[in-house]
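Novice: Let me begin by handing over the structure; questions about it come next.
In this note's numbering, the protein residues as written are 42 to 232.
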């Protein structure tokens, strides 16, 4: 049975003492490689969780899982990965409320999506992770927090301030106006 996802977005501590930025951290991890941390929220991304594996502190969202027929067709075959990913992303796009709640959880602490089946490069959790990053980038895009152009000299600063690469628009998305201004001030010439 799935659980209610907890509340509000929090902010991380300042990076340099002056910039407050919302954290956004999400990762995928295979069940066998879990390392527990107080600052993590664990979410099982499997339709069936092995008995004893679901800890009280873990969330389980079976409604987020792809249909059994789809997973059976896919069978974790590399030649079917792209089509399976496309179909599953389409399903995720129709689950706006739940995905938005997960995106907000990734602001509270590290959101770890747990999977059992598949490989690190080919698993259901990875598709959800990419979808959540896409949602976060879209949220930042709508807020106008983008950095484009020649950013190679300041890439490490962008990443340190929580910038995410938005592949759809080939631009960096900053978490807030202060971090956006910090990067703009580092860039040479007119921006």
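Yeah, the Cβ is synthetic: ideal placement off N, Cα and C, and Gly gets one too.
1) In three-state DSSP terms, what is residue 115?
2) Would you call the region 115-129 in contact with the region 174-185, where contact means no fewer than 3 C-beta pairs closer than 8 Å?
3) Terminal residues of the continuous alpha helix (DSSP H) containing residue 125?
4) Please report the distance separating the alpha-carbon of residue 157 from that of residue 101.
5) For the putative contact between residue 202 and residue 214, defined by C-beta atoms under 8 Å, what is the C-beta separation to the nearest angstrom?
6) Please state whether DSSP places residue 86 in a helix, a strand or coil.
7) Could you tell me how far apart the beta carbons of residue 164 and residue 88 are, in whole angstroms, since I believe they sit closer than 8 Å?
8) I need the straight-line Cα distance from residue 194 to residue 172, nearest angstrom please.
9) Return the CA-CA distance between residue 218 and residue 204, expressed in angstroms with no decimal places.
10) Going by beta-carbon coordinates alone, are residue 169 and residue 86 separated by less than 8 Å?
11) Compare the C-beta of residue 106 against all C-beta atoms of chain B and say whether one is closer than 8 Å.
12) Between which two residues does the alpha helix (DSSP H) holding residue 140 run?
13) For residue 221, tell me which candidate among 209, 198, 211 and 208 has the shortest Cα-Cα distance.
14) When the Cα atoms are used, what is the spatial distance from residue 226 to residue 126?
15) Could you compute how far the alpha carbon of residue 228 sits from the alpha carbon of residue 190?
16) Which same chain residues end up closer than 8 Å to residue 151 when comparing Cβ atoms and leaving out the 5 residues on each side of it in sequence?
Specialist: Working from what's here:
1) Position 74 of the chain shown holds residue 115. If DSSP states are grouped into helix, strand and coil, residue 115 belongs with the helices.
2) Too few Cβ pairs lie closer than 8 Å, so no.
3) Walking along the chain shown from the start, residue 125 turns up at place 84. Following the DSSP letters along the chain, one finds residue 125 inside the alpha helix (DSSP H) bounded by residues 122-134.
4) The residue given as residue 157 occupies position 116 in the chain shown. The residue given as residue 101 occupies position 60 in the chain shown. Taken atom to atom, the span from the alpha-carbon of residue 157 to that of residue 101 is near 13 Å.
5) Translated into positions along the chain shown, residue 202 becomes position 161. Translated into positions along the chain shown, residue 214 becomes position 173. The beta carbons of residue 202 and residue 214 sit about 11 Å from each other, so the pair does not count as a contact at 8 Å.
6) Mapped onto the chain shown, residue 86 falls at position 45. Coil.
7) Residue 164 sits at position 123 when you count from the first residue of the chain shown. Residue 88 sits at position 47 when you count from the first residue of the chain shown. Contact doesn't hold; Cβ gap of about 13 Å is too wide.
8) Your numbering for residue 194 matches position 153 in the chain shown. Your numbering for residue 172 matches position 131 in the chain shown. Using only the alpha carbons, I get a separation of about 28 Å.
9) As a first step, residue 218 is located in the chain shown; it is residue number 177 there, counting from the start. As a first step, residue 204 is located in the chain shown; it is residue number 163 there, counting from the start. Cα to Cα, residue 218 sits roughly 12 Å from residue 204.
10) Indexing the chain shown from 1 puts residue 169 at position 128. Indexing the chain shown from 1 puts residue 86 at position 45. Against a cut-off of 8 Å, the Cβ pair of residue 86 and residue 169 comes out as a contact.
11) Of the protein chains in the structure, only one exists, and it is not chain B.
12) Numbered from 1 along the chain shown, position 99 holds the residue referred to as residue 140. Per DSSP, residue 140 belongs to the alpha helix (DSSP H) from 137-149.
13) Taking the first residue of the chain shown as position 1, residue 221 is located at position 180. With respect to the C-alpha of residue 221, the residue from 209, 198, 211 and 208 having the closest C-alpha is 198.
14) By 1-based counting over the chain shown, the position of residue 226 is 185. By 1-based counting over the chain shown, the position of residue 126 is 85. Using only the alpha carbons, I get a separation of about 39 Å.
15) Start at 1 with the first residue of the chain shown, and residue 228 comes out as number 187. Start at 1 with the first residue of the chain shown, and residue 190 comes out as number 149. Each residue's alpha carbon lies about 10 Å from the other.
16) The residue labelled residue 151 in the question sits at position 110 within the chain shown. Around residue 151: 66, 67, 68, 78, 80, 81 and 82.
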